[in-house]
Structures are given as structure tokens and as C-alpha cells.
RNA sequence: GGCCCGUUCGUCUAGGGGUUAGGACAUCAGAUUUUCAUUCUGGUAACAGGGGUUCGAUUCCCCUACGGGCUACCA
């Protein structure tokens with residue numbers, strides 16, 4: 009068994025898509041489990057689609073997600089450079105090798121020539137209008153031209169591409185780790201361009217050459233590459249690298265939550281959830297797209313969610329840490345069908361992972377939020393708040409969003425509860441409570457509870473009748489964390505203040521002005 | 001159009017020739033809770049259709065339908 013070496017090879021054409029994160033994750037899990045190497049290679053062979061900042065974005069995203077790179081653009085390594093644009097000359101050399109061996113050829117056809125050919129075939133009712141073993145003999149290339157003519161054209165600087173010479177017949181078989189055997193007739197393949205007229209390799213050439221050179225053992229990538237996998241196999245054969253050919257695993261795609269099709273950026277805008285790991289601003293349009301990080305997702309939750317989209321451990325376990333995923337992961341438990349992206353499940357994972365955090369960690373989140381808004385909060389208070397808010401939140405920012413009343417008098421009160429529950433009895437209870445609370449020492453939840461019970465009992469009321477309106481008086485809302493703990497955190501003085509001011513305001517709301 | 005891949009509750013999925021087809025999210029109901037959330041209990045809900053093979057098919061085979069991907073000098 010050879011040393012496991014896998015690569016994640018995105019092209020820097022924009023923000024890293026969440027599907028890309030999953031592909032990277034599966035590569036990473038496999039690498040770690042097999043004690044192999046995880047490589048990050050940047051496939052920037054299309055200078056037209058290059059987007060500045062995209063590479064840095066990819067690196068930062070992977071870092072945030074906890075996907076560690078052993079070798080690659082930033083990490084370096086024995087096979088540097090890891091950016092294909094910096095390896096340009098290399099590919100040309102290999103392409104020429106193919107030409108020499110008769111597996112590839114020069115083609116001088118212009119855009120118009122190609123179009124004319126496709127038109128002609130279309131009119132003739134041919135199914136695939138491609139540059140292939142039947143059409144190539146009608147085109148301008150080194151197969152139809154004499155070697156003299158070819159040489160002259162190249163000498164003269166005529167633009168040319170190098171195309172793969174696909175065999176006229178035969179079947180190409182490939183063994184996919186997820187899909188089993190996949191066979192394609194050679195006649196279905198076209199003579200793909202290997203080197204473009206700008207001298208850059210196409211994906212197919214660069215990918216195969218680099219995977220060979222970098223000694224990649226397993227190619228784990230999205231299903232969109234399955235149709236061209238036979239072509240890659242053919243390339244390995246043409247180079248004589250069959251023995252070194254990696255094993256392939258083509259992952260099922262991530263689909264739109266509703267309707268059909270691949271998940272795309274548009275869905276994010278349309279349905280209101282992120283599709284990128286980090287917030288991304290398109291440098292060309294200035295358009296901003298939401299990120300999972302900024303939306304409040306924990307990286308471990310996103311990873312957990314993504315891992316289970318297309319793979320399952322077979323044990324029923326749903327909650328995983330990265331280490332657990334590494335232990336349990338296996339390629340043969342990856343499904344074949346595309347998976348719809350369900351943001352609700354992602355939220356659930358976030359909630360679960362948030363629950364798994366210690367109160368101290370959560371307090372850290374809260375402290376950062378209060379700092380940003382310049383609210384006063386001690387670490388002790390933050391921890392107390394977090395301990396009672398913990399079970400109620402799905403996102404860290406909800407700590408403050410749902411707990412704003414810990415830091416100031418409510419700006420408004422739940423009108424429905426006030427009109428329903430505010431009455432002379434409640435007013436009497438409030439007055440009594442305000443006085444009684446003064447003597448509660450220490451001012452803790454238990455003692456407060458006792459006082460509330462005593463006050464209501466003395467007046468002959470049921471606690472249930474005033475507790476809800478009490479909550480509204482303190483927090484403004486009809487729901488929230490444990491009320492007695494809330495009072496403890498707010499403290500005696502502030503509690504009594506809010507009681508007094510509530511009595512005033514509630515009475516006012518009773519008399520219509 | 002052609003080629004390739006796929007199809008179990010609304011969603012993610014387990015399972016596999018004979019099962020009450022299991023779990024999770026979502027949803028609904030009940031319990032707990034002063035309330036909300038949590039938690040607990042329970043419910044609704046699926047093998048795309050048609051042919052084979054077989055004593056028996058959701059499971060194996062074929063066809064159809066549907067979905068997806070690819071079909072660039074993009075990756």
C-alpha cells in the first residue's frame with residue numbers, strides 16, 4: 009500500500025463554495041486517518057478568470073474550518089511550487105513529450121474554423137459535434153498538414169493548441185471508489201485541448217501532470233469531474249504512468265434545498281443563508297456575500313454538518329468532533345446520490361456544538377459582544393448569564409440579542425401581557441415585592457424565590473398570576489431564561505428600580521390618554 | 001440532443017431477498033416548566049413506475065420516468 013497523499017485543488021476564481029469545503033474536508037479526513045499528507049494546490053491556469061484575493065480567501069477558510077494543510081502554496085513542501093501558473097513550462101514539456109510519441113498533436117484551427125465544423129456536423133445530424141477521431145482529419149492540424157507546413161506555421165508564430173489524440177476505438181475503464189466501474193467508449197471522448205494558445209495548460213493536463221509529479225495516491229473530488237475522468241485515465245496511459253495512477257473517488261454533489269440543481273451563490277441570496285465559509289466581497293462587483301463564520305456558525309458545527317452530507321458512519325452517531333470524524337471516516341460509506349443542503353439541520357448542529365462549549369468559552373463570546381457595543385460586563389456576570397442562556401441559543405450572538413435586558417432597562421414591554429396581567433392585584437404585589445426585596449441577603453435566586461412566594465402568599469395570590477408580568481417588568485419580554493436567576497444577576501438595586509419604573513409605566517398604559 | 005451518474009419519510013440517511021422498513025432534522029400532539037427555550041413521551045410521514053428472476057422483492061436484472069452532471073483554448 010502506497011503512502012497516502014491527497015490534494016485539494018481549487019481554482020482561485022472567487023470565494024470557496026461550501027461544496028468545496030466539503031471536498032477539502034473529505035480529503036483531509038482521509039489523509040489524517042491514513043497518516044497521509046494533505047496538499048493544497050492552486051489551479052490558476054485560466055488567467056481570464058483569476059480573481060484577486062481568492063487564494064487568500066481559500067487559505068483563510070480552510071484555516072477557520074480546521075482543515076490543516078501539510079503541503080501547499082502557503083505551507084511549502086518538496087514539490088513546490090504549488091501554484092500551477094508557476095509551473096507553466098513544466099506542462100509544456102510533458103505535452104511535447106506526448107506529441108513526440110504520437111499521443112498529441114498541434115492544431116491551428118481558429119475559433120471560426122471550430123464553429124464551422126460544429127455547424128456542419130449539427131446539420132448532418134451528428135450527435136456529438138466534437139473535435140475527435142473522425143473530425144480531426146478535416147481540420148488544420150499536424151495530422152493533416154505535412155511536418156514541413158506544421159513547422160513553418162509554428163515558426164511563423166501562428167497560434168496553436170496541443171490536442172490529445174484519442175484512440176479511434178476501444179473502451180476506457182476506470183474503477184471509482186464510490187461508483188464502482190465506469191466505462192466509456194473512446195469514440196465518445198473528444199480530442200481535448202491540453203495546451204492553450206496562450207501556452208497555459210488546461211485543467212486536464214495540469215491536473216494529471218501535477219498529480220503524477222506530486223505523487224498523489226487518491227483523487228477525491230466532486231462528481232462534476234466524473235465525465236472527464238476517463239480522459240484523465242487516457243492521459244495517464246499515454247504518459248505511461250498507469251502504475252502511478254491515483255485511485256479516484258467522485259463525491260456526490262451538494263444540491264439546492266428546494267427545487268433542483270447544484271447549490272449556487274444565487275440560492276444563498278434567495279433563501280437567506282450563507283453558502284460561503286467566510287464573508288466574501290467580490291472585488292469586481294463589490295457585491296458582498298454572507299459567510300458562515302460571520303453568521304455565527306462554529307467551525308466545528310459546520311464541519312460536522314458537512315461531513316454528514318453524503319457520508320455516514322453507519323452507527324447512528326450524529327455529533328462528531330474533527331478527531332472523531334477522522335477516526336470514523338471511510339470512503340466506502342460515502343453515498344452516491346446528491347444531497348440537498350438543509351440549513352435547519354446546520355442550525356441544529358450549531359446549537360448542539362454550542363451546548364458542548366463550557367460556560368467560560370461562551371462567556372468569552374458574550375464579553376466580545378458587550379465590548380463591541382461598549383456595554384459594561386464583568387467576566388463573572390458574563391458567566392452567570394451564559395450559564396442560564398446556554399440551552400436557549402443556536403448562535404453565539406443570541407447571547408446578547410436575547411439577553412439585552414441584562415445590560416439595561418427594557419426599551420419596550422410586551423403589550424399583550426401588560427394589558428392582560430396588569431391589574432390592582434399585580435400592582436399591590438409589585439409594591440410589596442419591591443419593599444421585601446430590599447431585605448433579601450444574600451440576593452440570590454433561591455432567596456428571591458422564597459421572597460416572591462412569601463409576598464404573594466401573604467396577599468393571598470398565586471405566584472403564577474404575577475410571575476409573567478414580573479418577567480415583563482424586568483426583561484420587557486414574555487419569555488426568557490429562568491426569572492429568579494435573572495433577578496440575581498441584575499441585582500437588588502436594579503431589580504427594585506425596574507419594579508418601580510414598571511409600576512409607573514404599566515399604570516400609565518392602563519389609563520388611555 | 002449525446003454521454004455519464006443517480007433515485008428509501010418534506011430533508012439527511014440506515015437497512016437489505018422474508019423487517020411492525022430504523023435513526024436524525026423539520027413538523028404535529030401530550031407531559032414537565034410561572035412563561036419561552038430545554039428535556040421527555042407519542043404521532044404523521046418513504047422504498048419513483050412497469051416488467052422479469054424468485055416460493056418470496058424495497059433489496060438482484062432490464063426498461064421507462066424523473067433528477068443531476070458533463071458536453072469550452074473554464075475549472
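Numbering (the working numbering), first residue to last: 9 to 521.
In this text, a Cβ means the ideal position worked out from N, Cα and C, and glycines have one as well.
Contacting residues, own chain, Cβ-Cβ under 6 Å from residue i (five flanking each side not counted)
i, result
"residue 53", "92, 208, 209 and 214"
"residue 377", "408"
"residue 327", "360"
"residue 313", "354 and 357"
"residue 147", "117"
"residue 286", "69, 299 and 301"
"residue 403", "304"
"residue 17", "49 and 51"
"residue 457", "492"
"residue 339", "185 and 257"
"residue 150", "113, 114 and 158"
"residue 241", "180 and 182"
Cβ-based burial, residue i [other Cβ within 10 Å; buried from 16]
i, result
"residue 142", "exposed"
"residue 293", "exposed"
"residue 115", "buried"
"residue 199", "buried"
"residue 260", "buried"
"residue 43", "exposed"
"residue 132", "exposed"
"residue 25", "buried"
"residue 95", "buried"
"residue 134", "exposed"
"residue 108", "exposed"
"residue 9", "exposed"
"residue 522", "With the chain running from 9 to 521 in the structure shown, residue 522 is simply not present."
Sheet register partners of residue i (DSSP bridge)
i, result
"residue 113", "171"
"residue 319", "342"
"residue 297", "288"
"residue 13", "45"
"residue 181", "191"
"residue 227", "256"
"residue 76", "For residue 76, which the question treats as bridged, DSSP gives no partner whatsoever."
"residue 129", "DSSP, once it has assigned bridges, lists no residue as partnering residue 129."
Residues of its chain near residue i, where Cβ-Cβ distance is below 8 Å and the 5 sequence neighbours each way are ignored
i, result
"residue 454", "492"
"residue 184", "190, 234, 237, 256, 257 and 258"
"residue 341", "319, 320, 321 and 322"
"residue 162", "114 and 168"
"residue 86", "79"
Distance, residue j Cα to residue i Cα
i, j, result
"residue 521", "residue 515", "Note that residue 521 scores a pLDDT of 44, beneath 50, so its modelled location is shaky and nothing firm can be said."
"residue 65", "residue 289", "10 Å"
"residue 498", "residue 346", "50 Å"
"residue 513", "residue 420", "10 Å"
"residue 523", "residue 400", "Because the chain spans 9 through 521 in this model, residue 523 falls outside it and cannot be assessed."
"residue 247", "residue 375", "59 Å"
"residue 8", "residue 417", "Lying before the first or after the last residue shown, residue 8 is absent from the chain, which here runs from 9 to 521."
"residue 495", "residue 461", "14 Å"
"residue 349", "residue 34", "17 Å"
"residue 262", "residue 274", "14 Å"
"residue 278", "residue 385", "38 Å"
"residue 442", "residue 508", "7 Å"
"residue 280", "residue 221", "43 Å"
Beta-carbon proximity list for residue i, same chain, < 7 Å, skipping 5 on both sides
i, result
"residue 476", "425, 429 and 486"
"residue 112", "103, 106, 170, 171, 172, 173 and 202"
"residue 330", "74, 308 and 311"
"residue 254", "219, 224, 225, 226 and 227"
"residue 4", "No answer is possible for residue 4: the residues shown for the chain start at 9 and end at 521."
"residue 471", "460, 461 and 464"
Reference residue i, options the options, closest by Cα
i, options, result
"residue 317", "396, 392 and 337", "337"
"residue 57", "432, 19 and 64", "19"
"residue 252", "218, 282 and 272", "218"
"residue 436", "180, 157 and 511", "511"
"residue 344", "177, 193, 232 and 472", "232"
"residue 13", "47, 32 and 41", "47"
"residue 194", "166, 165, 138 and 71", "138"
"residue 74", "149, 307, 150 and 152", "307"
"residue 243", "79, 28 and 99", "99"
"residue 478", "468, 431, 72 and 452", "431"
"residue 422", "481, 460 and 373", "481"
"residue 60", "36, 22 and 45", "22"
"residue 469", "434, 33 and 197", "434"
"residue 206", "440, 97 and 444", "97"
"residue 144", "156, 166, 324 and 176", "176"
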